[in-house]
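Asker: Please read through the structure below; I'll follow up with questions.
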Amino acid sequence: MAKYKIAWLPGDGIGVDVMEAAKIVLDRLALDAEYIHGDIGWTFWCKEGDALPQRTIALIGKVDAALFGAITSKPARAAQDELSAELKKKGGFSYRSPIVRMRQSFDLYVCLRPCKAYPGNPLNYKEGIDLVVFRENTEDLYAGVEFSPVPAELIATLNNLAKTNFAPFSKIPGDKFAISCKINTWASSERIVRRAFEFARKFHRKKVTIVHKANVVRATDGMFLDIAKEVAKEFKDIPMDDANIDAMTMWLLKNPFNYDILVAPNLYGDIISDLCAQMVGGLGFGCSGNIGDKRAVFEPTHGSAPKYAGMYKVNSIATILAAKMMLDWLGEKDKADSVERAVAKVIKDGKVRTYDMGGSNTTLEMGKAVAACLQ
Ligand code: NAI
Ligand code: MG
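In my numbering, each number is its position in the sequence shown, counted from 1, plus 20.
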């Protein structure tokens, strides 16, 4: 029996292309693993009314780790047209992001996104950038508590309770506005901040920055900031500061070297991690780990880029680096380091480059080049 069982979730679009390239690298490493395919994504919503079928949830629940490519998400309303005739007869289904569901189902509360400028990457915003984003991964605006149309009872409650100048609730019909709840708990905010500080201590990082909008979004982000300050008291050896999300985007571009570890609630973490990915070469380089206490799912930060689907054109480095994160998590540090060194060498040599790097090599050629540099 293989040492590890790994759920293999290519999804759709370029998810399929980049996962094939990552497999070339893992195969060359001779990781003692069994890779088990799992269904996820749009096709399964159309066929079965579920983009994350129960069998895939069961699979993720019994493996050591999972590697996921990307999926295409569609707006729920437009989506109904593409359901199979049989499911249409059953009256349609709501669509919820399978990725968000996967993160919530397994309590994968840390979204860890390292963004490192590998030397020689022509796309680096500046050489030497090395940022790590800790994004809360289970709640905030992604909690999935949304109303459209807004039910009359909720309008009545808001009219009674909301003490704000903006209270159009009684004047606007329920189908003419929508509500998405930003829900943050003390416990989830505390654990993501704690993981960020622990990481900073373990890897001798210079600072933790809390990203928020506490001056305006006072209840939720105010609480997040308060908690962060509490946690920071236990980590007096690690400097901490904080910044509003809007200012943060500006400061990051102005002086990325002032920052090191960034920790944020879900939405701001999502935004800031795309920005950080762009500073180290773009989405083709952004890797991501969805990590809980027992389980983890690794993926590139990018989506399914439908216009490039099946063309084997996009950069597979993001997914190869996600596989590297998975190896680290499994405790295969030597193999993980070897993958990172190989990626760094391919980037530095500059002989194999996908379109985003100004080259014409394919997704799989990038995978083969990294595999060839493994030592
Ligand atoms: P996207 O990340 O799929 O692509 C945006 C653009 O970034 C692409 O057109 C391409 O120019 C570039 N890009 C992305 N990956 C690249 C790579 N590996 N190499 C080189 N260039 C790359 O974002 P988009 O177009 O906004 O979303 C497409 C679909 O993916 C949507 O349905 C979206 O909801 C979904 N999505 C899925 C995610 C996931 O599966 N984790 C995450 C983000 C979006
Ligand atoms: Mg994103």
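We treat Cβ as the ideally placed atom computed from N, Cα and C, and that holds for glycine. The structure displayed is predicted, hence computed values, not measured ones.
Ligand 1 and residue 374: does the residue's C-beta get closer than 8 Å to at least one heavy atom of that ligand?
Answerer: The residue labelled residue 374 in the question sits at position 354 within the sequence shown. Residue 374 Cβ: within cutoff of ligand 1.
Asker: Could you check how far apart the C-beta atoms of residue 129 and residue 84 are, in whole angstroms? I think they sit under 8 Å.
Answerer: If you number the sequence shown from 1, residue 129 lands on position 109. If you number the sequence shown from 1, residue 84 lands on position 64. Going by Cβ atoms, the distance from residue 129 to residue 84 rounds to 19 Å, so no, they are not a contact pair.
Asker: What would DSSP say about residue 30, mapped onto helix, strand or coil?
Answerer: Position 10 of the sequence shown, counted from the first residue, corresponds to residue 30. Strand.
Asker: Is residue 209 helix, strand or coil when you go by DSSP?
Answerer: Locating residue 209 in the sequence shown gives position 189, where the first residue counts as 1. Of the three classes helix, strand and coil, the one that applies to residue 209 here is helix, per DSSP.
Asker: Please list the terminal residues of the continuous beta strand (DSSP E) segment that includes residue 385.
Answerer: The sequence position of residue 385 within the sequence shown is 365, counting from 1. Here residue 385 belongs to no beta strand (DSSP E); instead the alpha helix (DSSP H) covers 383-392.
Asker: Decide if residue 177 is buried, meaning its Cβ has at least 16 other Cβ atoms within 10 Å, or exposed.
Answerer: Locating residue 177 in the sequence shown gives position 157, where the first residue counts as 1. Exposed: under 16 other Cβ atoms inside 10 Å.
Asker: Quick one, are the C-beta atoms of residue 126 and residue 317 less than 9 Å apart?
Answerer: One-based indexing of the sequence shown puts residue 126 at position 106. One-based indexing of the sequence shown puts residue 317 at position 297. Closer than 9 Å, so yes.
Asker: Just the residues with CB closer than 7 Å to a heavy atom of ligand 2, in chain order, which are they?
Answerer: Those satisfying the condition are, in chain order, 290, 293, 294, 321.
Asker: If you measure between the beta carbons of residue 293 and residue 302, is that distance less than 9 Å?
Answerer: Translated into positions along the sequence shown, residue 293 becomes position 273. Translated into positions along the sequence shown, residue 302 becomes position 282. No, the pair does not count as a contact, with Cβ atoms beyond the cut-off.
Asker: Mind checking whether residue 61 and residue 35 have CB atoms under 9 Å apart?
Answerer: If you number the sequence shown from 1, residue 61 lands on position 41. If you number the sequence shown from 1, residue 35 lands on position 15. In contact: residue 61 and residue 35 (Cβ atoms closer than 9 Å).
Asker: Leaving out five residues on either side along the sequence, give the residues of the same chain with a beta carbon under 7 Å from the beta carbon of residue 325.
Answerer: Position 305 of the sequence shown, counted from the start, is the residue given in the question as residue 325. These residues qualify, in order along the chain: 33, 34, 334.
Asker: So, for residue 148: in the same chain, excluding its five sequence neighbours on each side, which residues have a beta-carbon less than 8 Å away from its beta-carbon?
Answerer: Here residue 148 is taken as the residue at index 128 of the sequence shown, counted from 1. The answer, listed in chain order, is 137, 277.
Asker: Measuring from the CB of residue 90, is there a heavy atom of ligand 1 at a distance below 8 Å?
Answerer: For the purposes of this step, residue 90 is taken as the residue at position 70 of the sequence shown. At least one heavy atom of ligand 1 is nearer than 8 Å to the Cβ of residue 90, so yes.
Asker: Counting C-beta neighbours from all protein chains within 10 Å, is the total for residue 209 16 or more, i.e. buried, or is it exposed?
Answerer: Counted from its first residue, the sequence shown places residue 209 at position 189. Per the 10 Å Cβ criterion, buried.
Asker: Could you spell out the range, first to last residue, of the beta strand (DSSP E) harbouring residue 78?
Answerer: In the sequence shown, counting from the first residue as 1, residue 78 sits at position 58. First-last for residue 78: 74-82, but that is the alpha helix (DSSP H), not the beta strand (DSSP E).
Asker: Any idea what DSSP makes of residue 269, helix, strand or coil?
Answerer: Here residue 269 refers to the residue found at position 249 of the sequence shown. Here residue 269 sits in helix by DSSP.
Asker: Give me the residue from 386, 218, 339 with the minimum Cα distance to residue 28.
Answerer: Position 8 of the sequence shown, counted from the start, is the residue given in the question as residue 28. The shortest Cα separation from residue 28 among 386, 218, 339 belongs to 339.
Asker: Using CA coordinates, which residue listed in 251, 194, 92, 175 is at the minimum distance from residue 327?
Answerer: Walking along the sequence shown from the start, residue 327 turns up at place 307. The candidate whose alpha carbon is nearest that of residue 327 is 92.
Asker: I want to know whether the segment 160-179 touches the segment 195-210 - three or more CB-CB distances under 8 Å.
Answerer: Output reads yes: the segment 195-210 touches the segment 160-179.
Asker: Closest by CA to residue 74, which one among 59, 87, 66?
Answerer: In the sequence shown, the residue the question calls residue 74 occupies position 54. Checked all of 59, 87, 66; the closest Cα to residue 74 is 59.
Asker: Could you give the distance in angstroms between the alpha-carbon of residue 332 and the alpha-carbon of residue 377?
Answerer: The sequence position of residue 332 within the sequence shown is 312, counting from 1. The sequence position of residue 377 within the sequence shown is 357, counting from 1. Near 15 Å, if we compare the C-alpha coordinates of residue 377 and residue 332.
Asker: CB of residue 86 to nearest heavy atom of ligand 1: below 8 Å?
Answerer: Position 66 of the sequence shown holds residue 86. No; taking the cut-off as 8 Å, the Cβ of residue 86 has no heavy atom of ligand 1 nearer than that.
Asker: Is DSSP giving residue 235 helix, strand or coil here?
Answerer: Residue 235 sits at position 215 when you count from the first residue of the sequence shown. Correct three-state label for residue 235: coil.
Asker: Cβ atoms of residue 30 and residue 89: under 9 Å apart, would you say?
Answerer: One-based indexing of the sequence shown puts residue 89 at position 69. One-based indexing of the sequence shown puts residue 30 at position 10. The answer is yes: Cβ separation under 9 Å.
Asker: Once you ignore the five residues that flank residue 161 on each side, which residues in its own chain have a CB closer than 7 Å to its CB?
Answerer: Translated into positions along the sequence shown, residue 161 becomes position 141. Excluding sequence neighbours, residue 161 sits near 200, 202, 286, 287.
Asker: Among the residues of its own chain, which have a CB less than 7 Å from the CB of residue 22, if the five just before and after it don't count?
Answerer: Stepping through the sequence shown from its first residue, residue 22 is reached at position 2. So the qualifying residues of the chain are 52, 53, 54.
Asker: Report yes if the CB atom of residue 144 is closer than 9 Å to the CB atom of residue 299, and no otherwise.
Answerer: Residue numbering aside, residue 144 sits at position 124 when the sequence shown is read from its first letter. Residue numbering aside, residue 299 sits at position 279 when the sequence shown is read from its first letter. Yes, the Cβ-Cβ distance between residue 144 and residue 299 is below 9 Å.
Asker: With 9 Å set as the bound, which would you pick, yes or no: does the beta-carbon of residue 45 sit closer than that to a beta-carbon of chain D?
Answerer: Any reference to chain D falls outside this structure, which holds one protein chain only.
Asker: Closest to residue 394 by C-alpha separation, out of 380, 354, 374, 382, would be which residue?
Answerer: Position 374 of the sequence shown holds residue 394. Here the closest residue by C-alpha is 354.
Asker: Distance, Cα to Cα, residue 267 vs residue 231?
Answerer: Stepping through the sequence shown from its first residue, residue 267 is reached at position 247. Stepping through the sequence shown from its first residue, residue 231 is reached at position 211. Distance between the alpha carbons of residue 267 and residue 231: 9 Å.
Asker: Output the distance between the C-alpha atoms of residue 297 and residue 291, rounded to the nearest integer angstrom.
Answerer: Translated into the one-based positions of the sequence shown, residue 297 becomes position 277. Translated into the one-based positions of the sequence shown, residue 291 becomes position 271. If you take the alpha carbons of residue 297 and residue 291, they lie about 10 Å apart.
Asker: Just checking residue 338 against ligand 3 - is the residue's beta carbon closer than 8 Å to any of the ligand's heavy atoms?
Answerer: The ligand content of the structure shown is limited to ligand 1 and ligand 2, which means ligand 3 is not among them.
Asker: Whose CA, out of 365, 280, 329, 336, lies closest to the CA of residue 151?
Answerer: Position 131 of the sequence shown, counting from 1, holds the residue named residue 151. Among 365, 280, 329, 336, the Cα nearest to that of residue 151 belongs to 280.
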